[in-house]
Amino acid sequence: MGGDQQTFGQVVDSMKAWIPQEAYDHERKFQSELQDYLDTQLNENQGNGGMPALGGMGQQRDLPVSTERGKSRADVVVDDVVGIELKRDLTNSQRKKLDGQIKDYLREYPYVIVCACGIQDIDGWRRLKNEYEGSSGFGMEQQEVVFIHKRKENYGKSPSDFQQDDGGFLGDGSLF
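Below, the structure written as structure tokens:
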């Protein structure tokens, strides 16, 4: 697996495990918490069961985790490879804007993650997810978009609250 694709996989796994501490009243607070969480998971926890980022010759390297970076100003950016857009309580009007943001991000980043912290327009969420997930470019233009939904009823809970013997909610050991 290539370095960028490996980074993307690590970010997706970390984001699936992330549980917001509370139902913040502003998207920027989710953004700040996510940036701190990803920086810790991708960089500081490498020796404690975290996932190391590998650079050339298999050496570990730090992954920069920035906010509002690049021409498209993604909410969070990891290593200039993964653009992340967060939405708080996704509404129909936000969904329309989100469609344009995804297109912008795909011009700048090979990998895009859309994370909804609460959803009011579930139909719109599913339509966008069906449109973008699973479709990628070919060859040098390979791109991928992943959608992750953070449910409000889980905010503030510990990941251990979700450990089940049956492999998780979807049978794959994940929360979602």
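Using full-length UniProt numbering, the letters of the sequence shown correspond one by one to residues 1 to 176.
Each residue gets a CB set at the ideal place from its N, CA and C atoms; glycine is no exception.
TODO: Kindly indicate which residue of Lys-96, Lys-150, Glu-133 has the alpha-carbon position closest to the one of Cys-117.
DONE: Walking along the sequence shown from the start, residue 117 turns up at place 117. Residue Lys-150 is the option with its Cα nearest to Cys-117.
- [ ] Taking the CB atoms as reference points, tell me whether residue 180 and Thr-7 lie closer together than 8 Å.
- [x] The chain is shown from 1 up to 176; residue 180 falls before or after that span and cannot be answered.
Task: Min CB distance Val-76 to chain B below 8 Å - done: The displayed structure is made up of one protein chain only, and chain B is not part of it.
Task: Nearest-angstrom Cβ-Cβ length linking Thr-67 and Asp-79, presumed shorter than 8 Å - done: Counted from its first residue, the sequence shown places residue 67 at position 67. Counted from its first residue, the sequence shown places residue 79 at position 79. A Cβ-Cβ separation of about 14 Å leaves Thr-67 out of contact with Asp-79 under the 8 Å criterion.
Open item on the list: Distance check for Lys-87 and Glu-27, CA to CA, integer angstroms please.
Closed with: Within the sequence shown, numbered from 1, the residue matching residue 27 stands at position 27. Within the sequence shown, numbered from 1, the residue matching residue 87 stands at position 87. Answer to the nearest angstrom: the Cα atoms are 7 Å apart.
TODO: Taking all protein chains shown into account, decide if Gly-156 is buried (16 or more other Cβ within 10 angstroms of its Cβ) or exposed.
DONE: As a first step, residue 156 must be located in the sequence shown, where it is residue number 156. Exposed is the call here.
Task: Counted within 10 angstroms of its Cβ, other Cβ atoms place Gly-134 as buried (16 or more) or exposed - done: For the purposes of this step, residue 134 is taken as the residue at position 134 of the sequence shown. It counts as exposed.
Open item on the list: Among the candidates Ser-158, Lys-29, Ile-102, Asp-36, whose CA atom is the shortest distance from the CA of Gln-143?
Closed with: Locating residue 143 in the sequence shown gives position 143, where the first residue counts as 1. Comparing Cα positions, the closest option is Ile-102.
Open item on the list: For Val-11 and Leu-38, what's the separation of their Cα atoms in angstroms?
Closed with: Locating residue 11 in the sequence shown gives position 11, where the first residue counts as 1. Locating residue 38 in the sequence shown gives position 38, where the first residue counts as 1. So the alpha carbons of these two residues sit roughly 7 Å apart.
Task: Distance, Leu-98 Cα to Val-146 Cα - done: Sequence index remark: in the sequence shown, residue 146 carries index 146 (1-based). Sequence index remark: in the sequence shown, residue 98 carries index 98 (1-based). Using only the alpha carbons, I get a separation of about 13 Å.
Open item on the list: Here's the rule: buried if 16 or more other CB atoms are within 10 angstroms of the residue's CB, otherwise exposed. What is Gly-100?
Closed with: Against the sequence shown, residue 100 aligns to sequence position 100. Counting Cβ neighbours within 10 Å, Gly-100 comes out exposed, since fewer than 16 surround it.
Open item on the list: Is it buried or exposed, Ile-122, if we count other Cβ atoms within 10 angstroms and call 16 or more buried?
Closed with: Residue mapping note: residue 122 aligns to position 122 of the sequence shown, counting from 1. Exposed, since its Cβ has fewer than 16 Cβ neighbours within 10 Å.
Task: Opposing strand residues paired with Leu-63 [DSSP bridges] - done: Here residue 63 refers to the residue found at position 63 of the sequence shown. Bridge partners of Leu-63: none, in fact.
Open item on the list: Helix, strand or coil, according to DSSP, for Val-81 in the structure here?
Closed with: Locating residue 81 in the sequence shown gives position 81, where the first residue counts as 1. Reduced to three states, the DSSP call for Val-81 is coil.
- [ ] Just mark Ser-160 as buried or exposed, buried being the case when its beta carbon has 16 or more other beta carbons within 10 Å.
- [x] In the sequence shown, residue 160 corresponds to position 160, counting from 1. Looking at its Cβ environment, which holds fewer than 16 other Cβ atoms inside 10 Å, Ser-160 is exposed.
TODO: Could you please give the first and the last residue of the uninterrupted beta strand (DSSP E) stretch that includes Tyr-111?
DONE: In the sequence shown, the residue the question calls residue 111 occupies position 111. Note, Tyr-111: beta strand (DSSP E), 111-119.
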